[in-house]
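There are 2 protein chains.
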Amino acid sequence: MFKAKIFVNYKPSVLDPKAEVIQNTLARLGDDNVQHVLVGKYFELLLSGDEAAVRAQIDRICDTMLANINTESYRFTLEPVSDAAVAE
Amino acid sequence: MFKAKIFVNYKPSVLDPKAEVIQNTLARLGDDNVQHVLVGKYFELLLSGDEAAVRAQIDRICDTMLANINTESYRFTLEPVSDAAVAE
Chain A
-16 MFKAKIFVNY KPSVLDPKAE VIQNTLARLG DDNVQHVLVG KYFELLLSGD EAAVRAQIDR
44 ICDTMLANIN TESYRFTLEP VSDAAVAE
Chain B
-16 MFKAKIFVNY KPSVLDPKAE VIQNTLARLG DDNVQHVLVG KYFELLLSGD EAAVRAQIDR
44 ICDTMLANIN TESYRFTLEP VSDAAVAE
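Heads up: the protein sequence lines correspond to chains A and B, in order.
So for the first sequence, the numbering used here puts the first residue at -16; every next one is plus one.
So for the second sequence, the numbering used here puts the first residue at -16; every next one is plus one.
Here it is in structure tokens:
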């Protein structure tokens, strides 16, 4: 069993209005030491299978469902978890 | 300068319809080895200041803006970054 931690972010060239609103609001509220804001999506998936197959599967899931490959990029880490830990 | 990596997730007791839709859709498409899905928000902030002040500031920002403390919990890591790296 693997736990995949997937980060989906806008590509650097894509304007992110949500991040801009947060940064501007923080500045207006006095938090003007915040110099950059990135807003992303985070997914955790628990999957069974062998590692190579799971990696390929996550690539496919990200490309077709979790990320918009036109405007977003993704990266993920995979860590083995014991079935006992999952049942907790 | 610090880079804060902030994760905002629903509390375990809160139903997450988005995660359920993703898991059900994956199962319908054949990815029935996905046993759990978590959908969260991810923020990166670049802040100047000393570490203790920055930690307190992020707690305040999360409590008042980035997380809904009724339904969501957050955690963050703080890592020092050089000003040169920021300018890149």
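Where a beta carbon is used, it is the ideal one built from N, C-alpha and C, also for glycine.
This structure is a prediction, so every number in the text was calculated from the model and none was measured.
Legend entry - When B:Phe59, B:Val22 and B:Glu27 are compared against Leu21 of chain A, the one with the closest alpha-carbon: Out of B:Phe59, B:Val22 and B:Glu27, B:Glu27 has the C-alpha closest to the C-alpha of Leu21 of chain A.
Inset, instruction - Measure the alpha-carbon distance for Phe(-15) of chain A versus Tyr57 of chain A and round it to whole angstroms. - result: Between Phe(-15) of chain A and Tyr57 of chain A, the C-alpha separation is close to 18 Å.
Legend entry - For Lys24 of chain B, the nearest candidate out of B:Leu30, B:Ala(-13), B:Leu(-2) and B:Leu49 (CA to CA): Nearest of B:Leu30, B:Ala(-13), B:Leu(-2) and B:Leu49 to Lys24 of chain B, Cα basis: B:Leu49.
Legend entry - C-alpha distance - Gln40 of chain A paired with Leu12 of chain A, whole-angstrom precision: Going by C-alpha positions, Gln40 of chain A is about 44 Å away from Leu12 of chain A.
Inset, instruction - Following the continuous alpha helix (DSSP H) through Pro(-5) of chain A, name the residue where it begins and the one where it ends. - result: Pro(-5) of chain A -> no alpha helix (DSSP H), and no H or E assigned at all.
Legend entry - Sub-7 Å separation of Glu62 of chain A and Tyr(-7) of chain A beta-carbons: Not a contact, by the Cβ cut-off of 7 Å.
Inset, instruction - For Asp15 of chain A, I'd like the list of residues in its chain whose CB is within less than 8 Å of its CB, leaving aside the five on either flank, ordered along the chain. - result: Closer than 8 Å at the Cβ level, and outside the excluded window around Asp15 of chain A, lie Leu9.
Inset, instruction - May I have a chain-ordered list of the alpha helix (DSSP H) segments no shorter than 4 residues that lie completely inside the segment 41 to 70 of chain A? - result: You should have 66 to 70.
Inset, instruction - Under the assumption that Leu(-2) of chain A contacts Val17 of chain B (Cβ atoms under 8 Å), give the Cβ distance between them as a whole number of angstroms. - result: Between Val17 of chain B and Leu(-2) of chain A the Cβ distance is about 32 Å, and since that is not below 8 Å, they are no contact.
Inset, instruction - Answer yes or no: does any C-beta atom of chain A fall closer than 7 Å to that of Ser56 of chain B? - result: It does not; no Cβ of chain A falls within 7 Å.
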